[in-house]
Every structure is written in structure tokens, then in C-alpha cells.
Amino acid sequence: MERQGTSSDSLSSRDLALLEKANAEALKTSWLMTAPNPRVGALALKNGHVVGRGAHEFLGGMHAEESALRDAGAWPRDSSKPLGGYVDEMVVTLEPCSAESESKRRAPCVKALLAAGVQRVLVGAIDVNPQHRGRGLDALRERGVKVDISSEPLPFLVSNAAFSRSVDNLDRPWVLLKWAATLDGKVAAPIGGPKWISGEESRKEVHRIRALSDAVLVGKGTLEIDNPQLDARPSGGMCESQPLRVFLGGGASVGSSAAVFSRPGLRLWVLGAEESPSDALEAGMDSGEDCVIKVEKGHHGLDIRALLECLRKDFSVKRLLVEGGPTTHGTFLSEGLVDAVLLYRAPKVFGGGLAACQMDELSAVELDASSVERRILGEDSREAFQVRTIN
Ligand SMILES: NC(=O)c1ccc[n+]([C@@H]2O[C@H](COP(=O)([O-])OP(=O)(O)OC[C@H]3O[C@@H](n4cnc5c(N)ncnc54)[C@H](OP(=O)(O)O)[C@@H]3O)[C@@H](O)[C@H]2O)c1
């Protein structure tokens, strides 16, 4: 038996070409939709011919292997697992997952491949997550499946910087900062100015991005001024459950008429150690829809790092969307706790008003220009970047 994590000595030119094709499927996807999961592509084969193609397109969605099995007709809609006889070989850019846990959104791919009767799996790279590394391959080999691995994993990992970064920070969620700004970089108009900055198409996408998140956070200023509902209302049917809504401060003064109370779903209020929840919040705690955690003071307001560790450990939050305001964004950026930023830019100029990030010290945030994902949404342009370094 080949040892865990070792690569096959050399792959045939056919295998290399198949891996390249599987990678082309992965590259059609967007890290903004999959992170902190990797972008993965797969091909399903029968008797040496490609009969199905697939990719992992969004967090919580089908894994690439499942998508390829369904494309091959091996996994009917009404069946909980694939049928045997349709596929005998799977080519996949990343090691198939094997872990089962309650917080996981999909069944392990190793089980699906075994149910489908796959006899050989060709893998581009081993999963760098120490919780998985090589386990999926071992599980397949133990059941008699032949496993071959590329000796050059780099091409399959290079497009997965967001995933690799999340693996380096397993003690906290992957953090995405989002704002909508005018052409002169303002996220709020002077008093009495317009409320909305971005257009309807941008706002629709934001609901989709919220639905992909395990939690959505805003600061006290945004809660008080914008009075958001903060739930996910995507037009498609992707939103099986609502993200946890997290409020940084604000729980000591929030009143019962706040819009957040009009929407069902768990709300988490982050208060300072000395603060007491308001009466409205006490009522929500009694009904089980509101929960309070207390954190100590950090470098800038409440201790964000401690909060993030708590979100990951106690609330299984792997992807966090931070929706402002500028003081909150500034804290996350100053403390080096941001993995990516998402900016909706509207064709407006406010002149006065608030800039997107309030940082009270000289901090430069460098974004990875090669990671940019751009879209035009109605009259707005949208850009997403992964963060490279923070100085
Ligand atoms: N265009 C957009 O995308 C967008 C998005 C969101 C908001 N906004 C606008 O932004 C404005 C509100 O932003 P804001 O900067 O005033 O408020 P904010 O960032 O929403 O909230 C900041 C407040 O949260 C509390 N807080 C506790 N711990 C903190 C920490 N570690 N870091 C940061 N804040 C912490 C502090 O309140 P205490 O000092 O009282 O403790 C702080 O003043 C509104 O005008 C809103 O319309 C625009």
C-alpha cells in the first residue's frame, strides 16, 4: 500500500491532461462564492471516457465529485446516494473529503465515490487542512480503490489562496469585509442625504453573499443609524438557513422597535464586560432568539480577536461577513483580521460624508491584485480582492 501523502512516481500524459481538464472546471468558479472552501473541479469517467464534469460552485453547495457524478447520470435527484455502474474513475483536483460532522453541510465525498463503485481516483493535490490531510485517500485505499496523486500539486493550490489562508487561521472564521461606496469613497451621505448607495442588483447579490455566510456582523453605529434587518433574502432558493446576526455593541441600548427583532433567527450581541443588556434584549434572551456574550476591551473597542475565536469555537462560524460601518471595518483591518474585501461602487459623488474605513493609525492594507473578481451589476461595479498583507 502507498503511504499516506506520497505521490505517484509519474503520471501518464493522459492523466496529466485529465487533471488539467478537471482544473479548468475549478477555474470556472469564484473564490468569493466558495471561500473558505477550496475551488475544486472533477471529471467522472467510464471505460476511459469522460461522462461527467463538475465543480464546487458555492459554499454549502455540491462538492465537485457529487456534481460530476450527477452530471454523469450516476446520482438521480431523488436518491440519497449515487448508483453503481455509471462511473468507474474519478479525476479531482483536491483530495476527496472524508470527515463527517454535524456542522458539515454535505455528506463525505469518499462515501459517495465508494457507493458509485469508483475503482480509481486521480487526485491533483492533498488537502492542506491538517484535519483532513491524506485521510480521504487512506479511506479510499482501505476499500480497495486505486489512488494516484500528482507529484506537482502547485497548479491545484495556486488558485486556492483563500482556502490556504483559512487553513492557516483555523482558530477563527474566514472574514470578508463588504461596503458600498460612491466614486469618492463615501459609504454614508452627510445628514439628510440619500440612504441607498448601491443599486438593486448589487443589493440582490449582497443577499446572496449573506446567505453563503455563517454569520453577518455590524457595529453599534450601523445598528442605530441604519436600523437593518440583516437577514438573507436571496432571490434564488439557496438560503436553507439564516446566518447568525452578530452585533458589536448596541445590546445595552437596543429598543424593542429595532428592525432586527422583526425577523426570526438567532441574534448574538457582543457586550463589554461591564455592560448589561437592555430590557428589549432581556426579553429576546428569555424567548431564546437572542444570546449575549461579553468580551474584554481590546486595542480598538471590544476585543475582536477573542470574539472571532468564540464565533468559530462556540458557534461553528467558518465564514463571517462584516457589513460595516467604517469604525468596525477600521478595527478589523488595523488588527489584521480581514481575509478579503468586497466593494460595490456606485456612480455617485457625495462630497461630504463618511469614508469606508476609519483607521486612527497609519496602517496600509495591501490587496492581492491577481485575486480580483469584477462584475458589473446594473449601474454599479463590484470588485472583490483577497488581502495580501497588513503593515
Ligand atoms: N455604505 C455601506 O456599505 C455602509 C455599511 C454600514 C454602515 N454604513 C454607515 O456607517 C455609519 C455607521 O458607522 P460607524 O463607523 O459610525 O459605526 P459602526 O462601525 O457601525 O459601529 C461602531 C461602534 O461599535 C462599537 N464597537 C465596539 N467594539 C468595537 C470595535 N472593536 N471596533 C469598532 N467598533 C466597536 C463602538 O461603539 P461605542 O463606542 O459606543 O462602544 C463603535 O463606536 C452609518 O452612517 C451607516 O449608514 C455604511
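Going by this note's numbering, the sequence shown opens with residue 1301, and the numbers climb by one from there. Even glycine gets a Cβ: it sits at the ideal position worked out from N, Cα and C. Please read all numbers here as calculations on a predicted model, not as lab measurements.
Coarse secondary structure for residue i, derived from DSSP in three states
i, result
"residue 1692", "Because residue 1692 is not part of the residues shown, which for the chain are 1301 to 1691, the question remains open."
"residue 1612", "helix"
"residue 1675", "strand"
"residue 1640", "strand"
"residue 1432", "coil"
"residue 1650", "coil"
"residue 1503", "helix"
"residue 1295", "No statement about residue 1295 is possible, as the shown extent of the chain runs from 1301 to 1691 and does not include it."
"residue 1463", "helix"
"residue 1424", "strand"
"residue 1400", "coil"
"residue 1443", "coil"
"residue 1339", "coil"
"residue 1670", "strand"
"residue 1390", "strand"
"residue 1562", "helix"
"residue 1536", "Interpretation of residue 1536 is limited by its pLDDT of 49, a score under 50 that renders its predicted location unreliable; no figure is taken from the coordinates."
"residue 1412", "helix"
"residue 1581", "helix"
"residue 1597", "strand"
"residue 1314", "helix"
"residue 1367", "helix"
"residue 1626", "helix"
"residue 1358", "coil"
"residue 1329", "coil"
"residue 1438", "helix"
"residue 1271", "Because the chain here runs from 1301 to 1691, residue 1271 falls outside it and cannot be looked at."
"residue 1418", "coil"
"residue 1530", "coil"
"residue 1510", "helix"
"residue 1321", "helix"
Alpha carbon of residue i to alpha carbon of residue j, nearest angstrom
i, j, result
"residue 1568", "residue 1488", "25 Å"
"residue 1472", "residue 1618", "7 Å"
"residue 1460", "residue 1432", "16 Å"
"residue 1382", "residue 1632", "44 Å"
"residue 1330", "residue 1573", "40 Å"
"residue 1478", "residue 1316", "39 Å"
"residue 1466", "residue 1336", "6 Å"
"residue 1509", "residue 1541", "13 Å"
"residue 1438", "residue 1453", "18 Å"
"residue 1406", "residue 1463", "18 Å"
"residue 1538", "residue 1560", "For residue 1538, the predicted structure reports a pLDDT of 44, less than 50, and the residue's modelled location is therefore unreliable. The matter cannot be settled from this model."
"residue 1326", "residue 1427", "15 Å"
"residue 1363", "residue 1340", "8 Å"
"residue 1675", "residue 1686", "16 Å"
"residue 1627", "residue 1524", "14 Å"
"residue 1599", "residue 1606", "12 Å"
"residue 1501", "residue 1476", "20 Å"
"residue 1441", "residue 1413", "12 Å"
"residue 1588", "residue 1566", "8 Å"
"residue 1334", "residue 1688", "18 Å"
DSSP beta-bridge partners of residue i
i, result
"residue 1547", "1518 and 1569"
"residue 1591", "1568"
"residue 1475", "1620"
"residue 1449", "1423"
"residue 1352", "1344"
"residue 1683", "1643 and 1674"
"residue 1481", "1645"
"residue 1655", "1486"
"residue 1602", "1597"
Classification of residue i by the beta-carbon crowding that lies within 10 angstroms, buried from 16 upward
i, result
"residue 1314", "exposed"
"residue 1698", "Coverage of the chain is limited to positions 1301 through 1691, which leaves residue 1698 absent and any answer about it impossible."
"residue 1536", "With a pLDDT of only 49 at residue 1536, under the threshold of 50, the placement of this residue in the model should not be trusted; the figure read from the coordinates follows. So residue 1536 ends up on the exposed side."
"residue 1347", "exposed"
"residue 1684", "buried"
"residue 1377", "exposed"
"residue 1398", "buried"
"residue 1396", "buried"
"residue 1543", "buried"
"residue 1380", "exposed"
"residue 1520", "buried"
"residue 1623", "buried"
"residue 1458", "exposed"
"residue 1375", "buried"
"residue 1491", "exposed"
Could you tell me whether the region 1442-1458 touches the region 1610-1626, where touching means 3 or more Cβ pairs closer than 8 Å?
-> The answer is no - the region 1610-1626 does not touch the region 1442-1458, with fewer than three Cβ pairs under 8 Å.
Check whether the region 1543-1561 touches the region 1646-1662, counting contact only when three or more Cβ pairs, one atom from each stretch, lie closer than 8 Å.
-> The region 1543-1561, when compared against the region 1646-1662, does not touch it at the 8 Å Cβ threshold.
May I ask you to verify whether the region 1321-1336 touches the region 1579-1589, counting CB pairs closer than 8 Å and requiring at least 3?
-> no
Contact between the region 1345-1364 and the region 1475-1492 (3+ Cβ pairs under 8 Å) = no
If you pair each beta-carbon of the region 1524-1534 with each one of the region 1626-1646, do three or more pairs fall below 8 Å?
-> no
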